[in-house]
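Shown next, in structure tokens, is the structure this report addresses.
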Amino acid sequence: MITNRPRKILIVAPIGRDADLMCSKLQAAGMECEVRKDVSGVAEGVAAGVGAILVTEEALTPEGARELTRVLSQQPAWSEIPLMILSGSLSLENNTHSLDSILHRTNVTLIDRPVRIRSLISTAQSVLRARERQYDVRDLMVQLEERIHERDRFLAVLGHELRNPLGAILLGAQMTDDDGRLPADQAQLIERQSRHLTRLVNDLLDLSRVAAGKIVLKRQTLDLLDLVKQSVHTITPALQMQRIQLAVKLCDPPVLVYADPVRVEQIVTNILGNAIKYTPENGHVTLVVSCDGEHAIIRVTDDGVGIAPERIGGIFELFAQAENAIGRAQGGMGIGLALVRNLVELHEGEVEAKSDGVGRGSEFAVRMPLATEEQRRDAASFARPEATNTPSATRKVAIVEDNKDVRDLLRLKLHRLGHEVFDAADGLEGVRVVLETKPDLALIDLGLPGIDGYEVARQVREQVGAGVILVAVSGFGQPEDKRRAIEAGFDEHLTKPADVRDIENLLTRFQPRNSASL
């Protein structure tokens, strides 16, 4: 934001004491003035910054009018310096040719002589207010230009960040052997990079939702240590790739907080991921969870690249890291820490960063309120279900998906897991398949040709009632999207990309309705 807003009135009156008299009266009214003997001094005064120009008709000789026109023509697009001209009415009529070029360059206010001081002061105040509006326009233009540069920089970094995992996925998919099989390590690479890509997209979408006030926390009383352990498990592959040693120090359990488990895990994972990103190979990261009075504290320290003192204050700003991300091995869109700050603040917490300077590591600390006594009384409900590797019983599954690649791969994977699978490529066919095959569970894309997934759910519910589990699968994952799916008759909502393990969990949770368990 530009704060320089000159309000000085430049006075040009070459004859008599008019200039000094008008300047003294305007100054007495609280305005700043500067006197010039002739128009030749206007250019220097304008270059220094002025709020308005006040000239008498004697200064507007043909040469003076040309000089004033030249100066005014060099102003930036936002600027029209208000010009007040003192003139007798008859003199003005005889001198209109001198004003023609000026009138096309700026806003002109004509003041008849003899002038009353009160009228002069009122006119000067009015033109200065008009000048203030010009400064407002200037500042908005500067902000817009900054946003455009910021957008272009971010899009460049975004392209860089997305192409990295996409390139790895493409190359990994091309590493088939002579029999067309994909080695296990390449398949793992594709899955790892796909999950990384998913996290990037989710962070970007979540940040926009936070900014729009559309994030709704689903709070419950939970043990923070469980979420920290899960985050460590999630981040372990990145630790191994970077050969970074992670030391975890947890206080005595439980550390009960009233929070959204998904968002808290996102906070911890992002801070750990940031530490790993900026720590060189064979470096060290330490994660400490402790309690201090009424707060739980998550502290992550590293011996990585550190943060320059002048950047500490803006490290949590959006795109703060984008400026120097290209060319760095790990990259970064500059949205992870901005998302962390917003999510922490939604939980009435605080996050801060510290560093002794470049090359001396950094420390990030998150403080969140501990659960109150009332919230602790609900402790029986905060135990998270343990993950299970036990496969679900054989089920009948219908897939209604118009994307052939997704449909074919999902059908193949579910077949390999032992399930009987039926599929359809559009909404009308989907209704027919579900009604004819009577599956235990139907995975239905919402954006289908023919009729959309919502209408598929309505028609199926009308004819079979609760006889089939309906799961909406969509790229839209905001609370409003999930609410609309439930209202249409769906039992669950999965946000794309749907993970086979998520589907397996659904099959484990719901009892079979149309096939016998084997």
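Residues in the sequence shown are numbered consecutively from 44, following our numbering. Heads up, the beta-carbon is just placed ideally off N, CA and C, and yes, glycines get one too.
Tell whether a beta-carbon distance below 9 Å holds between residue i and residue j.
i	j	result
T437	E463	yes
L240	I212	yes
R113	A86	yes
S333	E308	no
L129	R109	no
A318	F359	no
A339	V387	no
A95	P125	yes
G404	S398	yes
T344	E406	yes
M218	Q229	yes
R475	A467	yes
A528	G496	yes
V98	L111	yes
G400	G349	yes
L171	M74	yes
G131	E100	yes
L150	E123	Note that residue 150 is Asn in the sequence shown here, rather than Leu. Going by C-beta atoms, N150 is nearer than 9 Å to E123.
G215	L225	yes
A290	L267	no
Which residues bound the beta strand (DSSP E) around residue i?
i	result
Q263	Q263 to D266
V22	Given a span of 44 to 561 for the chain in the structure shown, any question on residue 22 remains unanswerable.
D542	D542 -> no beta strand (DSSP E), and no H or E assigned at all.
A467	E463 to A467
K68	Element bounds for K68: not the beta strand (DSSP E) but the alpha helix (DSSP H), D61 to A71.
V151	V151 to D155
V331	H327 to D335
Can you pull the DSSP bridge partners for residue i?
i	result
E393	R410
V514	L486 and E535
R79	V55
S405	D345
V443	A467 and I487
S398	Looking at the DSSP assignment, S398 forms no beta bridge with any residue, so it has no partner.
S122	Note: S122 sits in no beta bridge, so no partner.
L129	T99 and I154
H338	D335 and P412
Assuming residue i contacts residue j under a Cβ cut-off of 8 Å, what Cβ separation, rounded to an integer in Å, is found between them?
i	j	result
M127	A173	About 11 Å separates the two Cβ atoms, so there is no contact after all.
V499	L486	With 8 Å as the limit, V499 and L486 do not qualify as a contact, their Cβ atoms being about 11 Å apart.
D483	N557	5 Å
I287	V311	Not a contact, Cβ separation roughly 16 Å.
G326	G347	6 Å
G470	I494	4 Å
V331	K292	5 Å
E337	L413	6 Å
Closer than 8 Å to a non-hydrogen atom of the ligand ADP - does that hold for the CB of residue i?
i	result
L247	No copy of the ligand ADP occurs in the structure displayed, which carries no ligand at all.
Just to confirm the assignment, what range does the alpha helix (DSSP H) spanning residue i have?
i	result
L293	Element bounds for L293: not the alpha helix (DSSP H) but the beta strand (DSSP E), Q288 to L293.
S116	P105 to S116
I96	I96 -> not in any alpha helix (DSSP H); beta strand (DSSP E) instead, spanning A95 to T99.
P352	P352 to I355
V89	V85 to A91
R504	G496 to V507
Exercise. On the three-pair Cβ rule with 8 Å, is the region 531 to 538 touching the region 512 to 520?
Worked result: yes
Exercise. At a cut of 8 Å, does the region 44 to 59 reach the region 74 to 81 through at least three beta carbon pairs?
Worked result: yes
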